[in-house]
Amino acid sequence: MPDSISPQRPLPLPDPLSEPFWAAARRHELHMRKCDACAALAYPPEIACRACGGSEAHFVPVSGRATLQSWTVLHEPPSPGFRDRLPVILAVVELEEQARLLMSADLVDIAPGDLRIGLPLEVRFEDVTDDCTLVQFAPAER
Ligand SMILES: [Zn+2]
Numbered sequence: 001m002p003d004s005i006s007p008q009r010p011l012p013l014p015d016p017l018s019e020p021f022w023a024a025a026r027r028h029e030l031h032m033r034k035c036d037a038c039a040a041l042a043y044p045p046e047i048a049c050r051a052c053g054g055s056e057a058h059f060v061p062v063s064g065r066a067t068l069q070s071w072t073v074l075h076e077p078p079s080p081g082f083r084d085r086l087p088v089i090l091a092v093v094e095l096e097e098q099a100r101l102l103m104s105a106d107l108v109d110i111a112p113g114d115l116r117i118g119l120p121l122e123v124r125f126e127d128v129t130d131d132c133t134l135v136q137f138a139p140a141e142r
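Here the UniProt record's numbering is used: the sequence shown runs in plain steps of one and ends on residue 142.
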């Protein structure tokens with residue numbers, strides 16, 4: 001484990017349903033579960049489609065472009081592993097592929113004073129271990 005990684009920082013634990021999402025993240029790709037019956041995208045991945053109830057689905061790549069919908073700024077570390085990353089900005093973003101396709105993720109490379117609803121964002125990937133890549137968002141370079 002690299003020196004820069006604090007063992008106290010919690011990391012996601014993929015389950016069988018979400019493993020394809022995390023496998024794509026390790027390749028620095030953002031994938032969403034797409035319903036085979038109605039083509040609705042879902043995040044987080046769920047067994048049954050929220051739109052039609054269908055259970056057959058596969059993962060597809062998406063653009064990684066999103067807009068900022070909501071956020072919380074943490075000035076105290078939620079756990080000791082975040083002490084060198086303050087302030088932590090926890091955001092809810094809407095992916096451009098589908099209305100109300102929301103993801104929660106950390107925002108990086110932006111000051112809290114520059115946050116505004118609708119801010120264009122793009123996905124970023126942070127390799128934290130050989131097995132874990134975190135999905136984050138940053139202001140879009142466009
Ligand atoms: Zn569906």
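Glycine residues also receive a C-beta, built at the ideal position from the N, C-alpha and C atoms.
*Do residue 37 and ligand 1 come close, with the Cβ less than 6 angstroms from some heavy atom?*
As a position in the sequence shown, residue 37 is number 37, starting the count at 1. For ligand 1, at least one heavy atom lies less than 6 angstroms from the Cβ of residue 37.
*Can you check whether the CB of residue 68 is closer than 7 angstroms to the CB of residue 180?*
Only positions 1 to 142 of the chain appear in this structure, which leaves residue 180 out of reach.
*Going by beta carbon distance, what residues of the same chain come within less than 6 angstroms of residue 37, once the five residues before and after it are set aside?*
Stepping through the sequence shown from its first residue, residue 37 is reached at position 37. Cβ contact annotation for residue 37 (same chain, cutoff 6 angstroms, sequence separation greater than five): 52 and 54, in chain order.
*Tell me whether residue 19 sits in a helix, a strand or coil according to DSSP, three-state version.*
In the sequence shown, the residue the question calls residue 19 occupies position 19. Reduced to three states, the DSSP call for residue 19 is helix.
_Range covered by the beta strand (DSSP E) that runs through residue 101_ = Here residue 101 refers to the residue found at position 101 when the sequence shown is read from its first residue. Taken as a continuous stretch (DSSP letters only), residue 101 belongs to no beta strand (DSSP E), as it is neither H nor E.
_Spatial distance of residue 16 from residue 31 (CA atoms)_ = Here the question's residue 16 lines up with position 16 in the sequence shown. Here the question's residue 31 lines up with position 31 in the sequence shown. For the pair residue 16 and residue 31, the Cα-to-Cα distance works out to about 15 angstroms.
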